[in-house]
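I have placed the structure first, in the form of structure tokens, so that the comments after it can refer back to it.
Chains as they are written, first to last, in my numbering: chain V, 1 to 184; chain U, 1001 to 1223.
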């Protein structure tokens, strides 16, 4: 039983009509040139946008989402924010990821560098028990070491049964994890 | 959810707005209660003075509270809500947001009313009789403004919040008591109608209607 099914879903400003089936335990990579509709496709999957034509069949899902530009509450302290988020999502927080990503825990989010903000935003998508994780350009702003660490974490989560839809300009970095590659 | 939203929304700016507003409110209340007051006359005509003070309170705090709601709620639509919406669902997030702002407004309303009553009892010789309707109607205006701003204002059009508050203030300043059509259209507080028994029912119904519009709009909009 698929989680989400897009059938010729299209927005008027986007040239492509999207047809895609997302099943449990999938790791779908979406790639393509700028302006081909990668983010639009993700927004259709998330339900933030409705298609002008075509059909989207979707269950009620818990989706963890990483936006293209990490949107975080700037004044919150990193550790407090993560703990509150874990509590609200009723998830025992795995602090192993914190050591792995080496994010400064006692700084305000606005004081973090771009890379650390991105790492924190990725970390928030791994908290909870989502049916699907949608990542929009997760590698943006990360150095090589962090990318390797991230790949390890994604691999572990995939093995734990998480489903992923990832939009990226560097599909070759994530290709080993992918079960399906969509080029727009 | 509310705790999470509190952590996100209660930033430095919000703290500053709350703190400055409370300080200003205390200052304004002291000014209202101490300027141009004849103590002997106050002892002779306590009811007249209480009515006079309440009218002053309504006039001054109409402007003051409108500004407070504006600063409090104009930044309500934030990008960081998107990941919460995708995980928890729109309904939970939107209700959580409404409840969060309602809690802040209730605390603010209670604080101002408390300071006002303490001021009346300590700075004047009036034996204060609580006229709860005046305050209830007045504080319902806060919810009216808050719900309007939460329903209409979006991140790209924050200036609309200023327009809403501006119209509210204009309406308050230039309202003619005999034009009851406008009262039904925008049932904000008017001293002439405070004693009308239908007013609170109408206002509560109107607020429920606005809340329904808020829910309908936020649950069906694209982000």
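Where is the CB? At the ideal position from N, CA and C, for every residue including glycine. Note that the structure is predicted; figures quoted are calculated from it, not measured.
Out of 38(V), 34(V), 87(V), the CA that lies nearest to the CA of residue 20(V) is found in 38(V).
Residue contact check for residue 88(V) against chain U: a CB pair falls below 8 Å.
Along the length of the segment 76-148 of chain V, whole alpha helix (DSSP H) runs at least 4 residues long occupy 78-88, 96-101, 114-125, reported in chain order. If you check the CB distance, residue 1124(U) and residue 1037(U) come in under 8 Å. Rounded to the nearest whole angstrom, the CA to CA distance from residue 81(V) to residue 1035(U) is 47 Å. Within the segment 31-85 of chain V, complete alpha helix (DSSP H) segments of at least 4 residues are found at 38-46, given in chain order.
By the rule that beta-carbons nearer than 8 Å mark a contact, residue 1080(U) touches chain V. When C-beta atoms of the segment 1160-1172 of chain U are compared with those of the segment 1078-1090 of chain U, fewer than three pairs fall below 8 Å, so the two segments do not count as touching. Looking from the CA of residue 1030(U), the closest CA among 1053(U), 1020(U), 1009(U) belongs to 1053(U). The Cβ atoms of residue 120(V) and residue 127(V) lie no closer than 8 Å to each other. The three-state reading of DSSP puts residue 167(V) in strand, counting E and B together.
Of the candidates 125(V), 49(V), 182(V), 137(V), 125(V) places its Cα closest to the Cα of residue 162(V). A buried status is given to residue 1058(U), since no fewer than 16 other beta-carbon atoms sit within 10 Å of its beta-carbon. For residue 1065(U), the enclosing alpha helix (DSSP H) begins and ends at 1046-1073. Residue 135(V) holds the alpha-carbon nearest to the alpha-carbon of residue 65(V) among 160(V), 135(V), 168(V). For residue 1021(U), no beta strand (DSSP E) run applies; the uninterrupted alpha helix (DSSP H) run containing it begins and ends at 1012-1034, by DSSP. A straight-line Cα-Cα distance of about 41 Å links residue 1207(U) and residue 107(V). By the beta-carbon neighbour count (other beta carbons within 10 angstroms, threshold 16), residue 1050(U) is buried. Short of 8 Å from the beta carbon of residue 1069(U), and not among the five residues preceding or following it, lie these beta carbons of its own chain, in chain order: 1105, 1142, 1145, 1146, 1149, 1165.
By the neighbour-count definition (other C-beta atoms within 10 Å, threshold 16), residue 137(V) is a buried residue. The beta carbon of residue 9(V) sits no closer than 8 Å to any beta carbon of chain U. In this structure, 9(V) is the residue among 155(V), 105(V), 9(V), 169(V) with its C-alpha nearest to the C-alpha of residue 47(V). Secondary structure of residue 1039(U) (DSSP, three-state): helix. For residue 1101(U) and residue 69(V), the gap between their C-alpha atoms comes out near 26 Å. Taking C-alpha positions only, residue 31(V) is separated from residue 167(V) by approximately 6 Å.
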